[in-house]
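Residue numbers (UniProt numbering), protein chains in the order written: chain A, 1 to 110; chain B, 1 to 110.
2 protein chains.
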Amino acid sequence: MNNRVEIRYCTQCRWLLRAAWMAQELLTTFDQEIGELTLKPGTGGIFEVWADDTLIWSRKEQGRFPEITELKRLVRDEIAPGRSLGHADRKEGPAQDTDASAAPAKPSAG
Amino acid sequence: MNNRVEIRYCTQCRWLLRAAWMAQELLTTFDQEIGELTLKPGTGGIFEVWADDTLIWSRKEQGRFPEITELKRLVRDEIAPGRSLGHADRKEGPAQDTDASAAPAKPSAG
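#1: Taking 9 angstroms as the cut-off, decide whether the C-beta atoms of leucine 39/A and leucine 37/B are in contact.
#2: Given a cut-off of 9 angstroms, decide if isoleucine 68/A and valine 5/A are closer than it, judged by their beta-carbon atoms.
#3: Taking 9 angstroms as the cut-off, decide whether the C-beta atoms of arginine 59/A and phenylalanine 65/A are in contact.
#4: So alanine 20/A contacts chain B; which residues on that side make the cut at Cβ distance below 7 angstroms?
#5: Return the CA-CA distance between alanine 19/B and arginine 90/A, expressed in angstroms with no decimal places.
#6: Would you kindly work out how many angstroms separate the C-alpha atoms of asparagine 2/A and threonine 11/B, rounded to a whole number?
#7: Give me the Cα-Cα distance between tyrosine 9/B and glutamine 32/A, rounded to the nearest whole angstrom.
#8: On the three-state DSSP scale, how would you describe alanine 88/A?
#9: Check whether the Cβ of leucine 31/B lies closer than 9 angstroms to any Cβ atom in chain A.
#10: Since leucine 39/A sits in a beta bridge, which residues does DSSP pair it with?
#11: Under 9 angstroms, Cβ to Cβ, is there at least one residue of chain A near glycine 35/B?
#12: Identify which residue in Arg14/A, Trp21/A and Arg76/A has its Cα closest to the Cα of isoleucine 34/A.
#13: Could you give the residue range of the alpha helix (DSSP H) that holds glutamate 25/A?
#14: Tell me, to the nearest whole angstrom, how far the beta carbon of leucine 71/B is from that of methionine 22/B; I am working on the premise that it is less than 8 angstroms.
#15: Between which two residues does the alpha helix (DSSP H) containing glutamate 70/A stretch?
#16: Counting contacts by CB-CB distance shorter than 9 angstroms, is lysine 72/B in contact with chain A?
#17: On the criterion of 16 or more Cβ atoms from any shown chain inside 10 Å, does arginine 14/A qualify as buried, or is it exposed?
#18: With a Cβ-Cβ cutoff of 9 angstroms, do glutamate 61/A and isoleucine 7/A count as a contact?
#19: Using the Cα positions of threonine 43/A and proline 81/B, report the straight-line distance between them to the nearest angstrom.
#20: Taking 9 angstroms as the CB-CB limit, is cysteine 13/B close to chain A?
So this is what it looks like as structure tokens:
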């Protein structure tokens with residue numbers, strides 16, 4: 001309950017709604033783990049998520065926004081590593097390639 | 001841009017949505033003044049709004065939630081006292097009675 005999450009977003013890009021939505025998703029999922037979640041307005045295209053002072057997502061580094069399940073896995077890995085996220089865990093983990101060819105092969109017919 | 005706002009809400013009462021909505025309203029209105037806004041989950045019916053470490057709303061003290069225009073005036077008074085809030089300033093101020101008899105009298109007919 002003492003973990004701290006921070007979402008830094010660019011106001012010029014109008015990313016408040018996105019940041020606030022992600023905030024609510026994280027506060028709902030990690031209601032036993034997150035002690036406070038801070039929304040921090042910025043400029044210049046910033047979109048970063050920090051968990052306990054560790055940068056877990058940077059739009060500038062990744063070149064995109066995180067999917068919400070992806071973000072939850074990253075937050076979980078930082079603040080509650082032992083915890084299962086249910087269906088959000090059934091996709092590929094963040095450390096794996098997202099190469100489509102890594103998907104399970106279909107059983108061969110016959 | 002260095003002001004800090006914090007909303008403490010009761011998770012048992014399911015007040016996250018309300019708190020997050022108020023957070024977005026404040027971040028939108030005070031986009032030049034608020035440096036960070038923190039959502040802080042709590043228990044036991046807590047609903048408090050803090051601006052720069054001053055308690056500006058306590059549901060336990062006031063017995064109700066603030067109206068959003070009322071909350072904006074209180075935040076403004078704390079972090080940007082000189083600023084006009086437009087239509088949100090045209091209602092009665094927070095220090096006045098909300099007694100309906102204080103409304104302007106209708107002009108007498110004839």
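Even glycine gets a Cβ: it sits at the ideal position worked out from N, Cα and C.
Result, derived from the coordinates:
#1: yes
#2: no
#3: yes
#4: Within chain B, the residues near alanine 20/A are Ala20, Ala23 and Gln24.
#5: 31 angstroms
#6: 15 angstroms
#7: 14 angstroms
#8: helix
#9: Going by the sequence as given, residue 31/B is aspartate instead of leucine. Chain A, which has a Cβ nearer than 9 angstroms to the Cβ of aspartate 31/B, makes this yes.
#10: Ile7/A and Leu37/B
#11: yes
#12: Arg76/A
#13: 16-29
#14: 6 angstroms
#15: 68-79
#16: no
#17: exposed
#18: no
#19: 25 angstroms
#20: Among the CB atoms of chain A, none fall inside 9 angstroms of the CB of cysteine 13/B.
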